[in-house]
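The structure under discussion appears below in the form of structure tokens.
Numbering (our numbering), first residue to last: 3 to 448.
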């Protein structure tokens, strides 16, 4: 798409002043930038996913033992949802300073906030040791986790896209989008190993804590990589040209609030597919279908490989066909898959359950990959960190926090598991309508 002069003026930068006009100048650092955006998001999402897995498997008995199993699961998933509620707050805080003082420094801080909160959860005594204080502290730490992740994704996406040469932003933004796949495989792989090597009693007593404590090592590695990266050329140019907003969040709401809401709606189906497949289906498969825990974890990990493949394919295709067209195609297929997924699960066949999970997660990759470039491209440089982060996080509230709660409530209310699939399809329709209201962004100058 050719950008109009008005669009270039609206962005506040001309093609001549763009630091991307001479991509060779940044060539030596591109591999490092790709690695930093991938490693950082992988660590952040590792932290987030181990909580989701623990919520499905053990947190109900460790922190809510006085509740019956179904109520305990609802309570555990509610603490899981708390982090999605705090993510928009993290987006606002980190976005403000990321748009004011730079992307790099906020990426370092967000990693520390997320990582240290995760380690603290691993060391937190359970209900048997400190009573009601245990779930209260769990909620507080989970809230802090969400704040850290709320600032993480936007910075990592901007790190990649604002370093990318023209016409290759989808490819470069693929790296932070692969972080969730890598983080999930490492997180669930560790749970799978623990499930095979520990007895159920050992796992429920202390084994589930090990992945949380191991996050400390990952944080050290992530800090080492991120402290070596440079600030993005787009933000440096904005600093040089004094195009820094005094209150970026206020400017974002004043000028581009509609894109925040539409971007959040477009993101919803990616979250819905992922957390339905990985969090709700993990609990449903182990408790209702009586599939062994290690089998469900293994099937989910295989599904995440499809997610990674979908992320790579759609990110690269979006540079050729456009972000919007690629996203619309994946979302339309997701509408149909929501109606297919749970009939496959209900068969009880391990193979068909694997197909259900692989299809959902593969589609999640298709609609997630281009978002790494699409959301940053929607917003002006002055409030790009705030805008991309907030849209991403708000999409998570509806698509990530709600599905496990809605699905479990539907099951408890006797509506049947097929209602969960209809809910997934409904979220896909919502995302499709939002995408249709948004413009193509692939040809715009950052």
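We put the CB at the ideal spot given by N, CA and C, even for glycine.
Runs of alpha helix (DSSP H) with 4 or more residues, each lying fully within the region 208-257, are found at 212-215, 217-228 and 235-242, listed in chain order. Between residue 367 and residue 162, the CB-CB gap reaches or exceeds 8 Å.
For residue 334, the uninterrupted alpha helix (DSSP H) run begins and ends at 325-348, by DSSP.
Within the region 359-418, the complete alpha helix (DSSP H) segments of 4 residues or longer fall at 373-379, 386-398 and 404-414, listed in chain order. Take the alpha-carbon of residue 65 and the one of residue 142: they are about 13 Å apart.
The Cβ neighbour count for residue 277, taken over all protein chains shown within 10 Å, is at least 16; the residue is labelled buried. If you ignore the 5 residues before and after residue 284, its C-beta comes within less than 6 Å of the C-beta of 58 and 298, all in its own chain and listed in chain order. Residue environment: residue 321 is assigned as buried (16 or more neighbouring CB atoms within 10 Å of its CB, all protein chains considered).
In the DSSP annotation of this structure, residue 446 is not part of any alpha helix (DSSP H), being labelled neither H nor E.
In this structure, DSSP gives residue 90 a helical state, which the three-state scheme calls helix. Counting other Cβ atoms within 10 Å of its Cβ, residue 313 reaches 16 or more and is therefore classed as buried. Of all alpha-carbon atoms in 330, 216, 230 and 300, the one lying nearest the alpha-carbon of residue 268 is that of 330. In the DSSP assignment, residue 38 falls within the alpha helix (DSSP H) that extends over 32-59.
No Cβ-Cβ contact shorter than 8 Å links residue 160 with residue 140. Sequence-distant partners of residue 132 (beyond 5 residues in either direction) whose C-beta falls short of 6 Å from its own C-beta are missing from its chain. Residue 447 and residue 37 have their C-alpha atoms spaced approximately 24 Å apart.
Shown here, residue 427 sits in a helix according to DSSP, grouped into three states.
Annotated as distal: residue 181 and residue 279, with beta-carbon spacing of 8 Å or more.
A distance of 8 Å or more separates the beta carbons of residue 288 and residue 190.
The C-alpha of residue 352 is placed about 35 Å away from the C-alpha of residue 129.
The residue among 300, 381 and 421 with its C-alpha nearest the C-alpha of residue 443 is 381. In the pairwise beta carbon analysis, the region 387-395 is classified as not touching the region 289-308: fewer than three pairs are separated by under 8 Å. In the DSSP annotation of this structure, the continuous segment of the alpha helix (DSSP H) that includes residue 119 starts and ends at 105-125.
Here the C-alpha atom of residue 308 lies approximately 17 Å from the C-alpha atom of residue 271. In the pairwise beta carbon analysis, the region 214-225 is classified as not touching the region 336-356: fewer than three pairs are separated by under 8 Å. In the structure shown, residue 170 adopts coil according to DSSP, grouped into three states. Distance check between residue 155 and each of 370, 286 and 303 places 370 closest, using alpha-carbon atoms only. Residue 422 counts as buried, since no fewer than 16 other beta carbons sit within 10 angstroms of its beta carbon.
Here DSSP, grouped into helix, strand and coil, assigns residue 164 to coil. Exposure of residue 222 is indicated by the presence of fewer than 16 other C-beta atoms within 10 angstroms of its C-beta.
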